[in-house]
């Protein structure tokens, strides 16, 4: 288990390899489809400082609010591939050092991670209560009214958030390898 | 004697069913996950991930919080006695859904497809989805499944014959479609999944049958011998794909395969595949005039 303190430097992420298990602490931000589109179309400046060196987490949480304070009740990753068209652009534009989600991403993102120096971290899909417990504090939320709870950008202070590196900054993807192997077996089973 | 529905009592019972389904995995699914974890190689990512999933299940139950933040499409299969008002039952389910959302057992998950606006309470056009049937018993049976978006996105439908798979209009053709679908899904449906299949029907009824299969017990047998044989064969062969938990590689790609058949038109032969994620949240409630019980 490699402990990582956010924000990250390029050197931090360049040493990470596919298969490494990591635990993240510090400030991270959630973002899904609406957030990614907004980041690219509107280029908001108020989030630049926040995102630089941090990671964006593909997550639409279940939240509760008591005494004016937001709490993450359930917060597992959502499917990342939906952001494939613009993820690499978001990473470069906002100097992100990582993306957290599930299911992995495609060649455009993999190339972007290599070029800029960032990694794709796979969180445990469905393990929402476990992951919510690593969120120590919700420090702020952006675009809540407009985007709704799942799509808003939640700013989180996390401690030992667990994930696995499945796409590194050297062009390696675990997803590509698993797919190539299973394609071969599927072909044999289908037998054409 | 006619069954009289106490709407408030029924609504409260449905709220508890939603809470239970969101926060507790059925025992047979947990047992299948434990078996899968024990079967994976020591030190593998597959074993570690299955261990974390099971840990999450224990924590969610203890805290009464959602197992997964995507509390999914709420699918209600309701069986009612003769003479009960469908509208009253529907209204009670809607109110229970709104309350469950307010209590954070459900994430606001109903989005207007034209404006993109989230209704905020999980209700809307055909949301929640309620399917009614009738029976002779003086009780309401309510089966609820919470089916997340990740696994719904990899659910799919084939039309036989399929020339690219060389799949004909027979069970061998059905087999080929299922192998292809689960291979294409990789880890995206939050493997290891439970696979519900509807053979035949039209595009809607085939998929309803596929989703109905998800209420079956993990270790049960299909009463139709041919389908049972196919289920057993697919369970073994799909796990040869090596996709593993979350697509990290491993021996466990699926936990179960359940297949039902529906009458079809002479012109059509659909294979509908409903991929359910490992967080296979479904429970059943039996509501009589005097008591409520949950499975």
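Protein chains in written order, with our numbering: chain A, 1 to 192; chain B, 1001 to 1295.
Each residue gets a CB set at the ideal place from its N, CA and C atoms; glycine is no exception.
Quick caveat: nothing in here was measured; it's all calculated off a predicted structure.
Assign residue i to buried or exposed, taking buried as 16 or more other Cβ atoms, counted over all protein chains shown, within 10 Å of its Cβ.
| i | result |
| --- | --- |
| residue 1008 of chain B | exposed |
| residue 1 of chain A | exposed |
| residue 1236 of chain B | exposed |
| residue 1128 of chain B | buried |
| residue 1121 of chain B | buried |
| residue 1222 of chain B | buried |
| residue 1172 of chain B | exposed |
| residue 1170 of chain B | exposed |
| residue 92 of chain A | exposed |
| residue 1025 of chain B | buried |
| residue 1006 of chain B | exposed |
| residue 1113 of chain B | exposed |
| residue 1126 of chain B | exposed |
| residue 77 of chain A | buried |
| residue 1095 of chain B | buried |
| residue 9 of chain A | exposed |
| residue 1290 of chain B | exposed |
| residue 1132 of chain B | exposed |
| residue 1056 of chain B | buried |
Within a Cβ cutoff of 7 Å, which residues of the same chain sit near residue i, ignoring the five residues on either side of it in sequence?
| i | result |
| --- | --- |
| residue 1268 of chain B | 1202 |
| residue 1013 of chain B | 1285, 1287 and 1292 |
| residue 1295 of chain B | 1283 and 1284 |
| residue 1160 of chain B | 1167, 1168, 1169, 1173, 1269 and 1271 |
Leaving out five residues before and five after residue i in sequence, what residues of the same chain have Cβ atoms less than 8 Å from its Cβ?
| i | result |
| --- | --- |
| residue 1153 of chain B | 1188 and 1189 |
| residue 71 of chain A | 63, 64, 65 and 138 |
| residue 1183 of chain B | 1241 and 1243 |
| residue 159 of chain A | 25, 134 and 136 |
| residue 1115 of chain B | none |
| residue 1255 of chain B | 1029, 1032, 1033, 1036, 1192, 1193, 1194, 1218, 1278 and 1280 |
| residue 190 of chain A | none |
| residue 1101 of chain B | 1107, 1108, 1120, 1121 and 1122 |
With distances taken Cα to Cα, identify the nearest neighbour of residue i among the options.
| i | options | result |
| --- | --- | --- |
| residue 1084 of chain B | B:1057, B:1102, B:1056 and B:1134 | B:1134 |
| residue 14 of chain A | A:76, A:80, A:48 and A:167 | A:167 |
| residue 1260 of chain B | B:1291, B:1216, B:1251 and B:1043 | B:1216 |
| residue 130 of chain A | B:1066, B:1082 and B:1125 | B:1066 |
| residue 1264 of chain B | B:1130, B:1288, B:1198 and B:1168 | B:1198 |
| residue 192 of chain A | B:1213, B:1165, B:1204 and B:1195 | B:1165 |
| residue 1163 of chain B | B:1155, B:1180 and B:1150 | B:1180 |
| residue 1091 of chain B | B:1232, B:1062, B:1063 and B:1130 | B:1130 |
| residue 1041 of chain B | B:1141, B:1276 and B:1251 | B:1251 |
| residue 157 of chain A | A:50, A:22 and A:45 | A:50 |
| residue 1155 of chain B | B:1200, B:1185, B:1058 and B:1239 | B:1185 |
| residue 116 of chain A | A:169, A:128 and A:187 | A:169 |
| residue 21 of chain A | B:1076, B:1044, B:1234 and B:1238 | B:1044 |
| residue 1229 of chain B | B:1175, B:1068 and B:1204 | B:1175 |
| residue 43 of chain A | A:94, A:184, A:121 and A:112 | A:94 |
| residue 1274 of chain B | B:1212, B:1225 and B:1233 | B:1212 |
| residue 118 of chain A | A:53, A:128 and A:5 | A:53 |
| residue 81 of chain A | A:6, A:187 and A:122 | A:122 |
| residue 177 of chain A | A:19, A:68 and A:74 | A:19 |
| residue 1079 of chain B | B:1138, B:1210 and B:1054 | B:1138 |
| residue 114 of chain A | A:7, A:185, A:11 and A:151 | A:11 |
For the ligand ZN, is there any heavy atom lying closer than 7 Å to the beta carbon of residue i?
| i | result |
| --- | --- |
| residue 1233 of chain B | The ligand content of the structure shown is nil, which means the ligand ZN is not present either. |
Using a Cβ-Cβ cutoff of less than 6 Å, which residues in the same chain neighbour residue i once the five nearest sequence positions on both sides are dropped?
| i | result |
| --- | --- |
| residue 1158 of chain B | 1177 and 1271 |
| residue 1099 of chain B | 1015 |
| residue 155 of chain A | 29, 139 and 140 |
| residue 35 of chain A | 153 |
| residue 173 of chain A | 110 and 167 |
| residue 1238 of chain B | 1182, 1253 and 1254 |
| residue 16 of chain A | 119, 165 and 168 |
Problem set entry | Sufficient close CB pairs (3 or more, under 8 Å) joining the region 132-142 of chain A to the region 90-107 of chain A | No, they do not touch.
Exercise. So, do the region 1070-1081 of chain B and the region 1137-1147 of chain B have three or more beta carbon pairs nearer to each other than 8 Å?
Worked result: yes
For this session: Below 8 Å between beta carbons is the criterion; list the residues of the region 71-101 of chain A that meet it against any residue of chain B, in chain order.
Result: 73, 74, 75, 76, 78, 79 and 81
For this session: State whether the region 1242-1257 of chain B contacts the region 1043-1057 of chain B, with contact taken as three or more CB pairs (one from each stretch) at a distance under 8 Å.
Result: Taking one beta carbon from each stretch, the region 1242-1257 of chain B and the region 1043-1057 of chain B have 3 or more pairs nearer than 8 Å; the two touch.
Exercise. What residues from the region 1024-1058 of chain B come within 8 Å of chain A, judged by C-beta to C-beta, listed N to C?
Worked result: 1045, 1048, 1049, 1052, 1053, 1055 and 1056
Problem set entry | Interface positions of the region 105-120 of chain A facing chain B (Cβ-Cβ less than 8 Å), listed along the chain | Along the region 105-120 of chain A, there is no position whose C-beta sits under 8 Å from a C-beta of chain B.
For this session: May I ask you to verify whether the region 12-31 of chain A touches the region 52-60 of chain A, counting CB pairs closer than 8 Å and requiring at least 3?
Result: Taking one beta carbon from each stretch, the region 12-31 of chain A and the region 52-60 of chain A have 3 or more pairs nearer than 8 Å; the two touch.
Exercise. Taking one C-beta from the region 103-122 of chain A and one from the region 139-154 of chain A each time, how about it: are there three or more such pairs within less than 8 Å?
Worked result: Too few Cβ pairs lie closer than 8 Å, so no.
For this session: Decide yes or no for the touch test of the region 1008-1018 of chain B against the region 1100-1110 of chain B: beta carbon pairs closer than 8 Å, at least 3 of them.
Result: yes
For this session: Output, in sequence order along the chain, the residues in the region 158-181 of chain A whose CB is closer than 9 Å to any CB in chain B.
Result: 162, 164, 166, 174, 175, 177, 178, 179 and 181
For this session: Report yes or no: do three or more beta-carbon pairs, one from the region 84-93 of chain A and one from the region 33-46 of chain A, lie closer than 8 Å?
Result: With the cut-off at 8 Å, the region 84-93 of chain A and the region 33-46 of chain A touch.
Exercise. Got a sec: which bits of the region 1078-1105 of chain B sit with their beta carbon under 9 Å from any beta carbon on chain A, in order along the chain?
Worked result: 1103, 1104 and 1105
Problem set entry | Residues in the region 128-147 of chain A having any Cβ partner in chain B nearer than 9 Å | 128, 129, 130, 131, 132, 133 and 147
For this session: Residues of the region 1148-1182 of chain B with a CB closer than 7 Å to any CB of chain A: list them in chain order, please.
Result: 1150, 1153, 1165, 1166, 1176, 1179 and 1180
Exercise. Going along the region 1105-1123 of chain B in order, which residues come within less than 9 Å of chain A, judged by CB to CB distance?
Worked result: 1105, 1106, 1107, 1108, 1109, 1111, 1116, 1117, 1118 and 1120
Problem set entry | Contact residues within the region 1-35 of chain A, judged by C-beta distance below 9 Å to chain B | Listed by position along the chain: 19, 21 and 34.
Problem set entry | Residues in the region 1233-1246 of chain B having any Cβ partner in chain A nearer than 7 Å | 1237, 1240, 1241, 1242, 1243 and 1246
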